[in-house]
Structures are given as structure tokens and as C-alpha cells.
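**Q** I'd like to ask you about the structure that follows.
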Amino acid sequence: LSPRTTDKAKREKRHKETFAEQAAMCRLSVCCTPSCRVMPPFVVPHHIESRNAAGKDSDCVPLCRTRPEKGREGHHEELHRIGQRSFQARHQVSLEVVAGRFSEAVASHECTDWAIQDPKTGECSCGVCGKPCDAPVWP
């Protein structure tokens, strides 16, 4: 194998470790900042432990991203700008607690509660773990 192939394989493995089921659940949830009710698709997973500092999927929390049409900064960008401690103090939220609760939710989730229908095939699968599921399709 060439070094480039090895690096690509490492990157793909690391991506799977850091953006797995909890990150998927974060993308489908509302922003975890108490005063915010921004819904998907404007929510992104944020790693409370940096990916470069060995952050894992279980470190993810849902935060909204900037929406220029709304003319405001998203909580994800705000956290990166002011830092995690200041963000938690400003919004009175413990990101570690939120990440822990999301980990518990991932472990006990029901696929039918997180079902997503593929618009092309019409097949239903879990938006968290990707397993096929039989869920009612809402009109």
C-alpha cells in the first residue's frame, strides 16, 4: 500500500469513530442551548473534546449553525469564538451532561422513532444507526 492509501484508510476510520451514531442523532435534534429551538437541518454535531485531542462520537452535542438569512451567529460558531467555558456560563448549560444524555439515548434508541424515508427508493431506515426499519410514513 502506498502512504497515501494508508493515510486515506486512517482518515476514514477516524471519521467513523468521531461521526457515528451520536453525531447522526445530533443532526436530527434541536440545538441543545436552552433558549434555542433551531431544528434540523440547521443543527450540526459539536465535539466537546476536540477531534484532534482524541474526541469520540460520544463527545457530540447538537448546536445550531450560522444562518446568514437570519442575520445571526449560530451557537456552534459562537462556542468556537468564545470558548467552551464562557459558552457554558453564558447559556447555563453543561455540554458534558448533554453529551452523556445523548450517549444514553443512542444506546437505548428505538429505530422507528428516528426513521427517515429515502425519497428515491421509498425505503425506511434509522437516521441514527442506519438499520432498515418499518416505520409509519407521515404524509
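Remember, the numbering used here sits 32 above the position in the sequence shown when you count from 1.
The beta carbon of each residue, even a glycine, is placed where N, CA and C say it ideally should be.
Going by C-alpha distance, which of 39, 90, 72 and 61 is nearest residue 135?
**A** Nearest of 39, 90, 72 and 61 to residue 135, Cα basis: 90.
**Q** On the CB-based measure, 16 or more other CB atoms within 10 Å of its CB, does residue 65 come out buried or exposed?
**A** By the 10 Å Cβ count, residue 65 comes out buried.
**Q** Kindly indicate which residue of 74, 137, 95 and 131 has the alpha-carbon position closest to the one of residue 87.
**A** Measuring from the Cα of residue 87, the nearest candidate turns out to be 131.
**Q** Indicate the three-state DSSP secondary structure (helix, strand or coil) for residue 95 in the structure shown.
**A** Of the three classes helix, strand and coil, the one that applies to residue 95 here is strand, per DSSP.
**Q** When the Cα atoms are used, what is the spatial distance from residue 118 to residue 111?
**A** Residue 118 and residue 111: Cα-Cα distance of roughly 8 Å.
**Q** So, with DSSP's three-state summary, where would you put residue 77?
**A** Residue 77: strand per DSSP, three-state reduction.
**Q** What are the boundary residues of the beta strand (DSSP E) that includes residue 157?
**A** Here the beta strand (DSSP E) through residue 157 covers 156 to 158.
**Q** Pull up the distance between the alpha-carbon of residue 33 and that of residue 43, whole angstroms please.
**A** Any reading at residue 33 must be qualified, since the residue scores a pLDDT of 48, below 50, and its modelled position is unreliable; the value itself is stated next. Spanning the two alpha carbons is a distance of roughly 15 Å.
**Q** Which residue wins for smallest C-alpha separation from residue 160, given the options 127, 140 and 97?
**A** Residue 160 has its Cα closest to that of 140, out of 127, 140 and 97.
**Q** Which residue comes first and which comes last in the alpha helix (DSSP H) that contains residue 116?
**A** Residue 116 -> alpha helix (DSSP H) spans 116 to 123.
**Q** Per DSSP, which one or two residues make a beta bridge with residue 104?
**A** Answer by DSSP bridge pairing, in chain order: 99.
**Q** In chain order, what residues of the same chain lie with their CB nearer than 8 Å to the CB of residue 122, ignoring the 5 residues before and after it?
**A** Answer for residue 122: 114, listed in chain order.
**Q** Would you identify the three-state DSSP class for residue 131, choosing helix, strand or coil?
**A** DSSP places residue 131 in helix when its eight states are reduced to three.
**Q** By Cβ distance below 7 Å, which residues in the same chain neighbour residue 53 in space, the five residues on each side in sequence not counted?
**A** Excluding residues within five positions, the ones whose Cβ falls inside 7 Å are 89, 138, 160 and 161.
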